[in-house]
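Trainee: Protein chains in written order, with the numbering used here: chain F, 380 to 1061; chain P, 3 to 307.
Even for Gly, the Cβ is constructed at its ideal location relative to N, Cα and C.
Once you've had a glance at the structure underneath, I'll fire off some questions.
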Amino acid sequence: MRVGLVEDRLDRAVAYPLQLAWSSMVGSTLILTSVPVLLLGAGLAAGLRSNRTRGIVAVGSQAIAMLLVLVSIWPVLSSGVAIEIIWPWPAPIDRIAFRIDALSAFFLAWSMPMTLLGTLYAIGYLRPYFNAGRNGGPHFALLNLTSLSFVLIYSVQNALVFLLGWEIAAVAAWLLVIWDYRSQKIRFAGFNYLVSTHVGLFVLVAAFMLLHSYTGSMDFAAFGVYLSHHPAGQGTLFLLLGISFALKSAFFPFHTWLPRAHSAAPAHVSALMSGVIHKAGLFAFLRFTLLAGTPEVWMGWSVLIFGATSAIFGVLYTATQRDLKRMLGYSSTENVGIAAMGFGVGMLGWAWGKPALAALGFGAGLLHVLNHALFKCSLFYAAGAVYRAAHTIDLERLGGLAKRLPRTAVFFLVGSLAMSALPPFNGFVSEFLLYSGLLSGAAPTAEGDVVLVCAAAVLAFVGAVGALATTRAFGLAFLGRPRDPSIHVGEDAPRSMAIPMLVHSIGILVLGLYPALALHLVDPVLALFHTGPPSDLTALLAPVVWACRGLALVLAISMIAMWRRRAAARQSVTWGCGYTAGTARMQYTGSSFSAQLSTLFRPALPVATREQLPTEPFPQRSGHLSTNHVDAVERRMFEVLGQGEQFVQDSSGRIPEQPRFAFAAGLLVLVVVALVALGEVL
Amino acid sequence: MTSVIANLLALLVMPIVLVGTINRVKARWSGRRGPPILQLAFDLWRLVQKTPVYSTVTTPVFRLAPIVVLATAVGSACIVPLAGTTSLVGFPFDFVWFAYVWSFGRVALMLGALDTGSSFEGMGASREATFATLLEPILFLVAGALCLHSGVHSFAAALVPHLDGPPAVVMWLAAIAALLVVVQVESARMPVDDPSTHLELTMVHEVMILDHSGPELALLQLGSAIKLYVGVSAIAMLLDPIAGESSVVTVAAHLGVCLGIGVAVGLSESLVARLKLRLVPAYIVIGLIAAGIALLSMLGRGGHG
């Protein structure tokens, strides 16, 4: 093993101070020790006898690995000095470079602890299955492998090993999703995910093959040198890599696998996939943005618009789902979209040579990634606690859970307020930074400024629909009266499930009131992107954070005051507006709550209706009506896959019959030809 | 210092006076003498002394909601100049805070409504949430246009009008129109909602506070009065030619403009019928279009730095 110092090979003017060789050696040894620890833990978990020891071994080995990683990345986070090792390897790989810079360290710093919490949660969540005699060994081993994949993806600088980590994460996630493999629906969801993630993999392999053919190397550093010196190749690779990473992080319209997988998987797996595992797509995007150097302006705009589209569609679907976990899944599409909007602003700032704007954009994006991981995991854990107690997560049937599951209710409430980006919770801080970037008026042209303000308006729309969605989810599931008397609610979450939720909720509050803590993680990363002095973000946030603290203080004091004089009140029934025969079934439901919104946005939110309505004046048979908000992209995709031939036949059949179809088709061909010709000329 | 005192006094007195003015105008128009201007203060005092009644269905969320509503209303009031001078607090991009504390208040109100398990209150919450989705973009389009125009990023400073050239005038008019829609929807005034009754005519805001009583109802009523005054005060800043200076004349002029808007609101509530609920989104879209015009007019200004 050869320990090398970091040199600024990529000509990026980021000067890493010289470091002592031994500290790099210690850091790299610690990180690489975590790999055998995790593998050993996985092996033991698969081999041991009782589920209890399997769980303990998995949690223990992950805790050791986490400590090793955290200790080794500490100097990277505190000083911004990267750790690098180069491993000689037999041909054809030649050598494998590991490099932990601030970007890797940022992602590792929260991914590994959160996976550990997820594993802890699994022990409680899966207990009913264990009591029924199910073997949890492979499941815990796979959770260990997920942790291992982070070490590989976030630290390795070699395309082959990177793909290995990528694939371990994907396959492990698939196997984790199909825990309940006896159900055909869940197997289908898993298969759907497996296919989608591999489509993404093929695109990624194509991009790596292109880069390999240009550079003759599998090393990321060589990729970086090529990308930063060949702007012509940058465009194609930007698109290929962008699509692959968008599939990984479930951006619209590549999100179709996501709602199914998230509703089918056990709660901790959904949480880890949504909050942690799929952030690897965003990480990889940032990694290649860094490698490619100063981006072009169009790339920044496309990332911004792509992110905004994803946020809009994600949040519209979030607001209309009736399955709680499906709803949370769609909200990931929304939140990665918001993070991508941040990255888009950052790339624009970088391309325009405005370091302050770049710092705002990338800072907002990175902070939102972390904030999203915190509140989304917490929400999925709470949804899992609901499922474990009530055996359903259907919003139309739940209700009044706050009285039966008070602990879970508090955690879900904190998570959902953070998800709606309300002050004083953490989601607000990152969105505030993003708004500051969008509204700063820093674009070089008036048109640019106007488009950025429009993006801020889109973000405001997304925020408001998000608030509707979370109010609906919490208000209908936890408040009011139980809608379905056939649901028997069991006990509240046991300690192993409550601790992860508690840790995440504390994280939400702490980062909402002291975002400087998270900015310490983000600042070294921003230094890589050539942004302005990092302290600017803290200074910008200072007044609004004080305002948040003030609000939190007022609310805390009034809560205590309220608690003290709780006895001085009378109890009665909810006023029925003069109607005395109201039942719990007559309460507002999930569908009715979002009905008006979904009517306004009908084109984007198709509804599948199955109905058999009674006809005669004295109906002999009882009718039925069921509506379901289906995914527009998925429906169209299956339409094309299933009846594609028919579809093409029908459309081509129409051309001779209807001249305007022929005209439209001709016009399309003409435009494409003209564009290609224009591209050749330019 | 005088500015701070003026703001605090305006925060304490003006919401009550404004609601009283609107009600007095409505009463006069329909041929009644009307309640005293300070009637709201008497009502609040009466409510505070009562013992609240809680539904057995409710949880602590129901009792927490009014506190959040009042706290967020005051939180938004700190950002806007309440007496025509400057605001109590101002920092870069404080209108984001403004929009999101309003949103927090709204969410708390909706959760309080859903906590009762009443379908009527659920209906009101659903409407409020839906209208808010169209409303929030208006606020940011207007704030963005004002920021681009003035080059400052704090709400109080951006609200001071600088009418230099035709694009600025277009922007100014459109921004006033858009903010007017925002205030009408947010404080549930005509033609969006009828605040006169709790049950028969009202469709959104008053629906959600049906089950609140006693001190909690007082908090909610004070909160919505403050929100109304904050919105009216923001519009008054745009209308007031001498806004932003720190003198007694400015304060007097600002309060005068605010009461003038109050009279206008009272008149419009006497003359205009509530829109059909289906048409409310269309009405908000008018505000959205106005906000879009305000922003687009910024394309027309020259000399971009």
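#1: Rounded to a whole number of angstroms, what is the C-alpha to C-alpha distance between residue 213/P and residue 574/F?
#2: Output the boundary residues of the alpha helix (DSSP H) element that contains residue 814/F.
#3: First and last residue of the alpha helix (DSSP H) that includes residue 489/F?
#4: Along the chain, where does the alpha helix (DSSP H) that runs through residue 9/P open and close?
#5: Based on Cα-Cα distance, which residue from 14/P, 237/P, 255/P and 130/P lies nearest to residue 176/P?
#6: Closer than 7 Å by beta-carbon distance: list the chain P residues that pair up with residue 922/F, in chain order.
#7: Less than 8 Å between the CB atoms is what I'm expecting for residue 987/F and residue 1007/F, so what's the real figure, rounded?
#8: Assign residue 593/F to one of three DSSP states: helix, strand, or coil.
#9: Which bits of chain F does residue 155/P rub up against, with CB to CB less than 9 Å?
#10: Residue 666/F: which of 630/F, 536/F and 742/F sits nearest, CA to CA?
#11: Would residue 56/P be called buried (16 or more neighbouring beta carbons within 10 Å of its own) or exposed?
#12: Pull up the CB-CB distance for residue 178/P and residue 240/P, whole angstroms please, since I reckon it's below 8 Å.
#13: List the DSSP bridge partners of residue 553/F.
#14: Mind checking the region 93-114 of chain P against chain F and listing, in chain order, the residues whose C-beta falls within less than 8 Å of any C-beta there?
#15: On the three-state DSSP scale, how would you describe residue 385/F?
#16: Does any residue of chain F have a CB that is nearer than 8 Å to the CB of residue 89/P?
#17: Compare the beta carbon distance of residue 659/F and residue 627/F with 8 Å and say whether it is the shorter of the two.
#18: Could you name the residues that DSSP lists as bridge partners for residue 467/F?
#19: Whole alpha helix (DSSP H) runs in the region 647-689 of chain F with 4 or more residues, listed along the chain?
#20: In whole angstroms, what separates the C-alpha of residue 936/F from that of residue 752/F?
#21: Anything in chain P within Cβ reach of residue 893/F, meaning under 7 Å, just list it in chain order.
#22: Give the DSSP bridge partners of residue 57/P, in chain order.
#23: Taking residue 533/F as the query, report the chain P residues whose CB atoms sit under 8 Å from its CB, ordered along the chain.
#24: Pair every Cβ in the region 799-807 of chain F with every Cβ in the region 704-713 of chain F, then say whether three or more of these pairs are closer than 8 Å.
#25: Examine the Cβ distances between the region 885-895 of chain F and the region 692-706 of chain F and report whether three or more of them are shorter than 8 Å.
#26: Could you list the residues in the region 546-565 of chain F with a C-beta less than 9 Å from some C-beta on chain P, going in chain order?
#27: Which first and last residues belong to the beta strand (DSSP E) in which residue 1004/F is found?
#28: Can you give, in chain order, each stretch of the beta strand (DSSP E) that sits fully within the region 951-1030 of chain F and has at least 3 residues?
#29: Can you give me the C-alpha to C-alpha distance between residue 942/F and residue 949/F, rounded to a whole angstrom?
#30: Which residues does DSSP pair with residue 462/F in a beta bridge?
#31: By Cβ distance, which residues of its chain are closer than 8 Å to residue 866/F, with the 5 residues on each side in sequence left out?
#32: Suppose you measure from the CA of residue 462/F to the CA of residue 403/F; what does that come to, to the nearest Å?
#33: Which chain P residues are close to residue 826/F, counting only those with a beta carbon under 9 Å from its beta carbon?
#34: Should residue 680/F and residue 614/F be called a contact, given that it needs their Cβ atoms to be closer than 8 Å?
#35: In its own chain, which residues sit with a C-beta less than 7 Å from the C-beta of residue 286/P, not counting the 5 before and 5 after it?
#36: Determine which residues share a DSSP beta bridge with residue 537/F and list them.
Mentor: Looking at the atomic coordinates:
#1: C-alpha separation (whole angstroms): 52 Å.
#2: Element bounds for residue 814/F: 805-817.
#3: Annotation: the continuous alpha helix (DSSP H) that includes residue 489/F extends over 481-504.
#4: DSSP places residue 9/P inside the alpha helix (DSSP H), whose first and last residues are 4-31.
#5: In this structure, 237/P is the residue among 14/P, 237/P, 255/P and 130/P with its C-alpha nearest to the C-alpha of residue 176/P.
#6: Those within 7 Å of residue 922/F in chain P are 93.
#7: Residue 987/F to residue 1007/F, Cβ: 5 Å. Contact.
#8: DSSP places residue 593/F in helix when its eight states are reduced to three.
#9: Correct list: 815, 818, 819 and 820.
#10: Among 630/F, 536/F and 742/F, the Cα nearest to that of residue 666/F belongs to 536/F.
#11: Under this definition residue 56/P is a buried residue.
#12: A Cβ-Cβ separation of about 5 Å places residue 178/P in contact with residue 240/P under the 8 Å criterion.
#13: Assignment of beta-bridge partners to residue 553/F by DSSP yields no partner.
#14: Across the region 93-114 of chain P, CB contacts with chain F closer than 8 Å involve 93, 94, 95, 96, 98, 99, 101, 102, 103, 105, 106, 108, 109, 112 and 113, in sequence order along the chain.
#15: Because residue 385/F carries a pLDDT of 36, less than 50, the predicted location of this residue cannot be relied on, and no value is offered for it.
#16: Interface criterion not met: the Cβ of residue 89/P is under 8 Å from no Cβ in chain F.
#17: Yes, these two residues count as a Cβ contact at 8 Å.
#18: Looking at the DSSP assignment, residue 467/F forms a beta bridge with 474/F.
#19: Entirely contained in the region 647-689 of chain F, the alpha helix (DSSP H) runs reaching 4 residues are, in chain order, 658-671.
#20: Between residue 936/F and residue 752/F, the alpha-carbon positions lie close to 29 Å from each other.
#21: Within chain P, no residue has its beta carbon less than 7 Å from that of residue 893/F; the closest one is some 17 Å off.
#22: Answer is 951/F, bridged to residue 57/P.
#23: Below the 8 Å Cβ cutoff, chain P contributes no neighbours of residue 533/F, its closest Cβ being approximately 32 Å away.
#24: Between the region 799-807 of chain F and the region 704-713 of chain F there are fewer than three C-beta pairs closer than 8 Å, too few to call the two in contact.
#25: The region 885-895 of chain F, when compared against the region 692-706 of chain F, does not touch it at the 8 Å Cβ threshold.
#26: Look at the region 546-565 of chain F: it has no residue with a C-beta under 9 Å from a C-beta of chain P.
#27: Where residue 1004/F is concerned, the enclosing beta strand (DSSP E) stretches over 1003-1008.
#28: Here the runs fully enclosed are 986-991 and 1003-1008.
#29: Roughly 15 Å separates the two Cα atoms.
#30: Bridge pairing for residue 462/F: 479/F [DSSP].
#31: Only 769, 770, 771, 776 and 777 meet the Cβ criterion.
#32: The straight-line gap from Cα to Cα measures roughly 5 Å.
#33: Residues of chain P with a Cβ closer than 9 Å to the Cβ of residue 826/F are, in chain order, 301.
#34: No, these two residues do not count as a Cβ contact at 8 Å.
#35: Taken in chain order, the residues that qualify are 133, 136, 137, 183 and 187.
#36: Answer is 598/F, bridged to residue 537/F.
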